[in-house]
Amino acid sequence: MFKTSFLLITAILLCYNTMLLGQSKGINRDKYRIHIAQTNKAINIDGILDEEPWMTAERVGKFHCVTPTDTGYAIAQTEVMLTYDESNFYVGVICYDPTPGKRPIESLRRDYNFSKNDNFMFFIDTYNDLTNGFAFGVSAAGAQTEGLEHDAQLITYSWDIKWKSAIKSYDDRWVAEFSIPFRSIRYFEGANEWGINFGRLDLKTNEKSAWAPMPRNLNHCSLPHTGTLIWDKPLGKAGLRFSLIPYVTAKATRNNQAGENTKWNGNAGFDAKMILSTSMNLDLTVNPDYSQVEEDRQQTNLDRFELFFPERRQFFLENSDLFSNLGTTGNQPFFSRRIGLNIPVIGGGRLSGRIGNNLRVGVMDMQTGSKEETPSSNYAVAVLQRQVFSRSSIVGFLINKQVTGDYNDTLYSGFRYNRVAGLEYNLASRDNRWTGKAFYHQSFYPGASGDAATIANSLAYSLRSFRVSIDQTWIGADYVSEAGYIRRTGYFEISPGLKYTFYPSSSNILSHGPGLDFDVILDPGFEMTDRQTQLTYSIGWQNRNQLSFNVSDNFVKLSNSFDPTNTGGIKLTAGSEYNWQSAGVNFSSDFRKLFNFILNGGYGSYYNGTRSTLGASINYRAQPYGSIAITASYNNISLPDPYNSAKLFLIGPRLDLTFTDKLFLTTFVQYNDQIDNININIRFQWRFAPVSDLFIVYTENSFPSDYRIKNRGLVLKLSYWFN
4 MFKTSFLLIT AILLCYNTML LGQSKGINRD KYRIHIAQTN KAINIDGILD EEPWMTAERV
64 GKFHCVTPTD TGYAIAQTEV MLTYDESNFY VGVICYDPTP GKRPIESLRR DYNFSKNDNF
124 MFFIDTYNDL TNGFAFGVSA AGAQTEGLEH DAQLITYSWD IKWKSAIKSY DDRWVAEFSI
184 PFRSIRYFEG ANEWGINFGR LDLKTNEKSA WAPMPRNLNH CSLPHTGTLI WDKPLGKAGL
244 RFSLIPYVTA KATRNNQAGE NTKWNGNAGF DAKMILSTSM NLDLTVNPDY SQVEEDRQQT
304 NLDRFELFFP ERRQFFLENS DLFSNLGTTG NQPFFSRRIG LNIPVIGGGR LSGRIGNNLR
364 VGVMDMQTGS KEETPSSNYA VAVLQRQVFS RSSIVGFLIN KQVTGDYNDT LYSGFRYNRV
424 AGLEYNLASR DNRWTGKAFY HQSFYPGASG DAATIANSLA YSLRSFRVSI DQTWIGADYV
484 SEAGYIRRTG YFEISPGLKY TFYPSSSNIL SHGPGLDFDV ILDPGFEMTD RQTQLTYSIG
544 WQNRNQLSFN VSDNFVKLSN SFDPTNTGGI KLTAGSEYNW QSAGVNFSSD FRKLFNFILN
604 GGYGSYYNGT RSTLGASINY RAQPYGSIAI TASYNNISLP DPYNSAKLFL IGPRLDLTFT
664 DKLFLTTFVQ YNDQIDNINI NIRFQWRFAP VSDLFIVYTE NSFPSDYRIK NRGLVLKLSY
724 WFN
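Okay, so the sequence shown: first residue is 4 according to the numbering used here, each after it adds one.
Here's what the structure looks like:
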């Protein structure tokens, strides 16, 4: 009964809070409004706002401060104008710069880091659901960024489409001009209003500002806080449109460890995008190639469970929130990295978009090939999301992994089929004070039992200075999701948290405050196996320096034998219990400066021994043409005989050069003595046309002791976007 009782109680609480809020518009929609009128005059995207439509367009300004304080108007003011024609949506911007000196710019690379560049962005809620939208931005040096917005204030910047921008710089201002094709975004035909907001970061004044105001504890892109864009006439219908992105590759690889000679081969395939309506699109891929994707950032592995590495492949990232938001961290029924990471993908497709005002749909199907003992398989996912009340939603989904090829029972450890079905309720209040989630997932496979399920819920209440939350999870011992990321099974977990932030009215300190997190894990017999209590205190200065301290108390009862160094030594026995305490400190410097760094360290007991840690991330930029960075971590683990002690180093220098806003070179080296490896990844990219690239990538792995090469590869990839 306990498996469902806590879910039922929390679900009732979630629904109660949602119903209290009811249907609502955005917070600023009635007060902050800008009108847009169609033009038949040509607009040249050159950063010079001298065309007639800009002279007659409505102009808005008086941007409000968001940080360091969220009261009053910005010192560095901004003016924005809008217009459109039959094909494009235009934005003109004047960013006034009252502070002498060079404008801080990280690099010329696309998808720049918002917080490390002087830049302007705008955010549009085309569906008027206060939750999903689009973001476009340009830095003061002209670098572009664009992203898909989801969960009201999160942006996936991996989205890539065709659009134009240009900037012009002057001593007292810089000017930006945008042209966004209507075919590149999704919206409802017949709409006469969108949510919209404009944001600016001026690092010299240490000021983040927005046209429609918002609290400083929220992200800059918060869709519930947008104003209103009013069209002069309802938006028209978009016909069927098609884009094709073919690619060709040439590869040379050599595996010295296997005694192989150099292998030469080539490949070809394509992606296709079909816009079915203004709010629905179909993506197809045939024989995709991901050789240009950057190497994973290695981690020192001191965990008892599988490490998490984020998805980096473009096809799986676009419109991914419908799929990746299923479940919670460490309990995700669908994790796209399970598809074709070490075996070839033959092809697949994804249909995603909106059906009416309140329904979102996502359907994905991917077919993989076979490799060694891993058989070919089909992965299918279907998600239906129904918005309810203000910004909440109900989600139903089905995930199916089906082996389609022959396999050897003694070599393949998976099932012939594995399916997971689930129902989720997501709470999101209009002002984001209340957020939460409750779900039930059931897995099906040959021989599945009644414990092949997971139930979880979470609830959080956030104010400007205060946040309280609680998370609960039960995962049955027989729950299996082969297409997901499930860290462990057979446990019940409860995790309450509390945080308070002080904002001094007149001080060099911008904010400071404590946080307390508590986590307990029980086995199926309700015996405690894990416990962590952590107290933190964080301080942030006006000059953007940040300092935090933490102390923690930990308890573990091992369910399986384990070597705390993960170096292959004698393992601590299953069933043994350990309690330890530790403390740590983290400092990050003002990243506006050309030279900036992050330092961290910690010390404490660790299982039956001790552990000390040091970490650093040091960065120097020669703006705007590149930067050099070094990240390093050191773990000194001392255990009594006969168990292994270890001093583990992980060092990763990185050189990032941006010769122009279309020509990039990245060199990334990783030395990891835990796995006895040096990895080198060199990637050259030339964006010779919009969303069309030439990549040259070199990868090498070698032994640190004598630099003998384990394996190496050289890839050339060319892709072009036809539409």
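C-beta atoms are modelled at their ideal positions from N, C-alpha and C, and glycine is treated no differently.
Take residue i and list the residues in its own chain whose beta-carbon comes closer than 7 Å to its own, dropping the five residues that flank it on each side.
| i | result |
| --- | --- |
| leucine 238 | Tyr190, Glu192, Gly193 and Ala194 |
| alanine 625 | none |
| arginine 490 | Phe308, Glu309 and Gly333 |
Look at residue i and residue j and say whether their C-beta atoms are less than 8 Å apart.
| i | j | result |
| --- | --- | --- |
| aspartate 434 | proline 216 | no |
| glutamate 485 | phenylalanine 418 | yes |
| alanine 480 | proline 527 | yes |
| asparagine 264 | lysine 254 | no |
| leucine 287 | isoleucine 37 | no |
| serine 461 | isoleucine 473 | yes |
| arginine 363 | leucine 329 | no |
| proline 184 | lysine 165 | yes |
| glycine 29 | leucine 133 | yes |
So, is residue i buried or exposed, given that buried needs 16 or more other C-beta atoms within 10 angstroms?
| i | result |
| --- | --- |
| glycine 25 | Because the pLDDT of glycine 25 is 47, which lies under 50, any placement of that residue in the model is unreliable, and the question is left without a value. |
| alanine 271 | exposed |
| valine 398 | buried |
| alanine 60 | buried |
| asparagine 411 | exposed |
| alanine 455 | buried |
| asparagine 511 | exposed |
| asparagine 284 | buried |
| alanine 586 | exposed |
| alanine 261 | exposed |
| asparagine 557 | buried |
| methionine 4 | Low per-residue confidence applies at methionine 4: pLDDT is 48, beneath 50, and the placement is therefore not dependable, though the value from the model is reported in the following sentence. The residue in question, methionine 4, is exposed, as its Cβ has fewer than 16 Cβ neighbours within 10 Å. |
| isoleucine 2 | The structure shown has nothing for residue 2, since the chain only spans 4 to 726. |
| arginine 711 | exposed |
| asparagine 47 | exposed |
| aspartate 33 | exposed |
| asparagine 736 | Residue 736 cannot be examined here, being either before or after the span of the chain that is shown, 4 to 726. |
| glycine 300 | With the sequence shown as reference, residue 300 is identified as arginine, and glycine is not the correct amino acid for it. By the neighbour-count rule (16 or more Cβ atoms within 10 Å), arginine 300 is not buried but exposed. |
| lysine 720 | buried |
| valine 588 | exposed |
| phenylalanine 598 | exposed |
| glycine 408 | exposed |
| leucine 23 | Low local confidence applies: a pLDDT of 48 at leucine 23 is under 50, so the model's placement there is unreliable, with the coordinate-based value given in what follows. So leucine 23 ends up on the exposed side. |
| isoleucine 342 | buried |
Go through its chain and collect everything with a Cβ distance to residue i's Cβ below 6 Å, but skip five positions before and after it.
| i | result |
| --- | --- |
| glutamine 549 | Gly543 and Ser591 |
| serine 339 | Glu314 and Phe319 |
| threonine 568 | Ile640, Asn647 and Ala649 |
| valine 96 | Val83, Phe123 and Ala179 |
| isoleucine 681 | Tyr674, Ser705 and Pro707 |
| aspartate 520 | Gly500 and Gln537 |
| glutamate 496 | Thr476 and Ile524 |
| tyrosine 723 | Ser695 |
| methionine 277 | Phe245 and Leu285 |
Please go through the same chain and pick out, in chain order, the residues whose beta-carbon is closer than 8 Å to the beta-carbon of residue i, but skip the five residues on each side of it.
| i | result |
| --- | --- |
| serine 641 | Gly612, Thr613, Arg614 and Ser648 |
| asparagine 120 | Pro107, Ile108, Glu109, Ser142, Ala143, Ala144, Ala146, Leu204 and Leu206 |
| asparagine 258 | Lys713 and Asn714 |
| phenylalanine 691 | Lys665 and Leu697 |
| arginine 62 | Glu82, Val83 and Met84 |
| leucine 52 | Met84, Gly95, Ile97, Val178 and Glu180 |
Have a look at the DSSP bridge pairing and note the partners of residue i.
| i | result |
| --- | --- |
| glycine 352 | Leu287 and Asp368 |
| asparagine 729 | In the structure displayed, the chain extends from 4 to 726; residue 729 sits before or after that span and is not available. |
| serine 327 | Serine 327 pairs with nothing; no bridge assigned. |
| isoleucine 478 | Thr457 and Tyr494 |
| threonine 634 | Ser620 and Gly655 |
| glycine 543 | Ser514 and Gln549 |
| asparagine 1 | Lying before the first or after the last residue shown, residue 1 is absent from the chain, which here runs from 4 to 726. |
| serine 182 | Tyr93 and Lys167 |
| phenylalanine 308 | Paired residues: none, contrary to the question. |
| tryptophan 177 | Cys98 and Ser172 |
| tryptophan 214 | Beta-bridge pairing links tryptophan 214 to no other residue. |
Quick one: is residue i near chain B, going by C-beta distance under 8 Å?
| i | result |
| --- | --- |
| leucine 462 | Considering every chain present, this structure includes no chain B. It has just one protein chain. |
Exercise for the section: Just list the beta strand (DSSP E) runs in the stretch 25-73, keeping only unbroken ones of 3 residues or longer that don't cross its boundaries, in chain order. Expected result: 36-39 and 67-70, all fully within the stretch 25-73.
Handout entry: Every unbroken beta strand (DSSP E) inside the stretch 679-721 [3 residues or more]
Key = Taking only runs of at least 3 residues, the beta strand (DSSP E) segments lying wholly in the stretch 679-721 are 680-692 and 695-705.
Problem - Runs of beta strand (DSSP E) wholly within the stretch 222-257 (minimum 3 residues, chain order) - result: If we require 3 residues or more, the beta strand (DSSP E) runs fully inside the stretch 222-257 come out as 230-234.
Exercise for the section: Go through the stretch 425-475 residue by residue and report every complete run of the beta strand (DSSP E) that reaches 3 residues or more, in order. Expected result: Listed in chain order, the complete beta strand (DSSP E) runs (minimum 3 residues) inside the stretch 425-475 are 437-447 and 456-465.
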